[in-house]
Structure formats: structure tokens, C-alpha cells
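Just so you know, we're using the numbering used here here: the sequence shown kicks off at 3 and counts up by one. No residue lacks a Cβ here, since even glycine has one placed at the ideal position from N, Cα and C. Heads up: the structure comes next, in C-alpha cells.
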Amino acid sequence: MVLLALLAANGEWALAVLPDESKADPPNLDGLRTGRLLVANDNINTFPFAKSVVLLTNYGPEGAVGVIINRPTRMSLYKVMPDIKSLQGKKDLLFFGGPVSGNVITFLMQSEENLASYDGVSRVFGDLYFLMNKKVIHHHLGGKYKLARGFAGYAGWGPGQLEGEMARGDWTVRNADTATIFSQSPEKLWDKLRKDPRDGVWTFFHAPVEAGPEPKIATL
Numbered sequence: 003m004v005l006l007a008l009l010a011a012n013g014e015w016a017l018a019v020l021p022d023e024s025k026a027d028p029p030n031l032d033g034l035r036t037g038r039l040l041v042a043n044d045n046i047n048t049f050p051f052a053k054s055v056v057l058l059t060n061y062g063p064e065g066a067v068g069v070i071i072n073r074p075t076r077m078s079l080y081k082v083m084p085d086i087k088s089l090q091g092k093k094d095l096l097f098f099g100g101p102v103s104g105n106v107i108t109f110l111m112q113s114e115e116n117l118a119s120y121d122g123v124s125r126v127f128g129d130l131y132f133l134m135n136k137k138v139i140h141h142h143l144g145g146k147y148k149l150a151r152g153f154a155g156y157a158g159w160g161p162g163q164l165e166g167e168m169a170r171g172d173w174t175v176r177n178a179d180t181a182t183i184f185s186q187s188p189e190k191l192w193d194k195l196r197k198d199p200r201d202g203v204w205t206f207f208h209a210p211v212e213a214g215p216e217p218k219i220a221t222l
């Protein structure tokens, strides 16, 4: 188990538990692993996970952590982080990442630099990293990076919890890539990733995707 102290937007400290991926892998159900997408099936019918697409940022014996990648809010990142001058004038929105620690800002960042050497940063795959450390986030948003997206909160599962949801048929696992993760049309992702199991042909379900709630976040 890896414990990480996070500085929340309100200036208070929060404690996050990241799965320890150095231990033996848990039973692998349908390809569960860090860097995979969880696409909600129809039997998940309550917010925030109904019609959601979740990127697993950490997965191990101690549980799983991820962020919902198709729930943009109407709040701009610059409004939340006005001291990051590189965000000024951009239309990047803050996303609702999940129900855990909603006042904590996390980031997905694609960078040529190996960010995994920093505390509170984990590699998702390739050059994509998950950042939960406020100082590291501020430092790298002011520097060079390829793509970045901010999230209010995250999703978390305890040991065996996600495996139980998989066994119940709550989720379908899909491969992930940066084009999907940083999609400019996130509201269409759930439709796009739904696959008809009867014939293996991509199908489209036009049920509306509920927008993320407006998070109560103080200026960073």
C-alpha cells in the first residue's frame, strides 16, 4: 500500500491510497490493468458512473484508482488555477474525475520527460502520467508538455471491489490511447466505445451523457 498526502484546493491535507503495483498482480479479469479503459455497461444506472468512461491510472492488489474522462464541467482550468500563466486564454475545461476527494485537483499529462521520478506521479503508459502532487502539477504546467487535462477528484476501489463489479458485468474493458483520453468530444466517448457483443460491430447508443457536477473548488 502506498500512502500519499495531497494538498487540496482549500489548503487542507488529504490522504490518498495508491495501489502498490510492485506486488504480485491480482487476478486479471478481462484485461484489468493500469492504462485500460472501463466503459460502463447499462446495468450501471446511477451518477456518476452511468455512461462513464474511466481510465485506470493505478491498479494493483490494494485496489484501483482512475479518473472519469468523459465528464467535462463548465469551469475553465484557468479560473481554478489563475497563477498558471500558460493556461491564460485557453478554453481547457476542468473535468469531473470521480466522487473521491472532489476538492483535490489531479492531472493526466503527456510529457517527454520521465515524470514518474516525482513523488505523487505514476506512469499510466508510455509518456502518459497521472499527477496527484500539487507542486509537481504547478511546475510542469508552466513548462513543456504535450497534452494535459485536469480533473476534480478521482474514482477509487478497494481490494477486490473492482473485480467484483467486473464479475457482475458492470464494466467492459477497452484499450486506451492518448487520442481517446484527450478527445475533444468527450461527450461522445461512451457511445464510441460501446461495442455490440453479438456481432463485434461498433454500435452507437444515443442516450445523453450527463454532464459532470460543478465542483466546489477554491482557487489554487
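- Using a 10 angstroms sphere on the CB of His141, the tally of other CB atoms stays under 16, which defines it as exposed.
- Note that the C-beta distance between Gly128 and Ser88 is not below 8 Å.
- Using a 10 angstroms sphere on the CB of Glu167, the tally of other CB atoms reaches 16 or more, which defines it as buried.
- For Tyr156, the beta-bridge partners assigned by DSSP are Val102.
- For the pair Pro50 and Pro101, the Cα-to-Cα distance works out to about 7 Å.
- DSSP lists Ala154 as the beta-bridge partner residues of Ile107.
- Separation of the CB atoms of Ser113 and Tyr131 is rounded to 6 Å, and the pair is thereby assigned contact status at 8 Å.
- In this structure, DSSP gives Gly144 a state outside helix and strand, which the three-state scheme calls coil.
- The C-alpha of Gly122 lies about 32 Å from the C-alpha of Gly171.
- Thr174: not part of any alpha helix (DSSP H); member of the beta strand (DSSP E) spanning Trp173 to Arg176, first to last residue.
- For the set Ala66, Ile107 and Asp94, the Cα lying nearest the Cα of Ser185 is the one of Asp94.
- A direct Cα-to-Cα measurement between Val106 and Lys81 gives close to 15 Å.
- Going by DSSP, Thr182 is part of the alpha helix (DSSP H) stretching over Thr180 to Ile183.
- Under the three-state reduction of DSSP output, Ser88 falls in the helix class.
- If you draw a 10 Å sphere on the C-beta of Lys92, you find fewer than 16 other C-beta atoms in it, and that means exposed.
- Between Ile70 and Ala157, the C-beta gap is smaller than 8 Å, which places the two residues in contact.
- Here Gly162 carries a coil assignment [DSSP, helix/strand/coil].
- A distance of 8 Å or more separates the beta carbons of Leu164 and Leu79.
- With fewer than 16 neighbouring CB atoms inside 10 Å of its own CB, Ala181 falls in the exposed class.
- As a beta-bridge residue in DSSP terms, Gln112 pairs with Leu130 and Leu149.
- Boundaries of the beta strand (DSSP E) around Tyr61: Val55 to Gly62.
- In this structure, DSSP gives Pro50 a state outside helix and strand, which the three-state scheme calls coil.
- Burial check for Lys136: the Cβ neighbour count within 10 Å reaches 16 or more, so the residue is buried.
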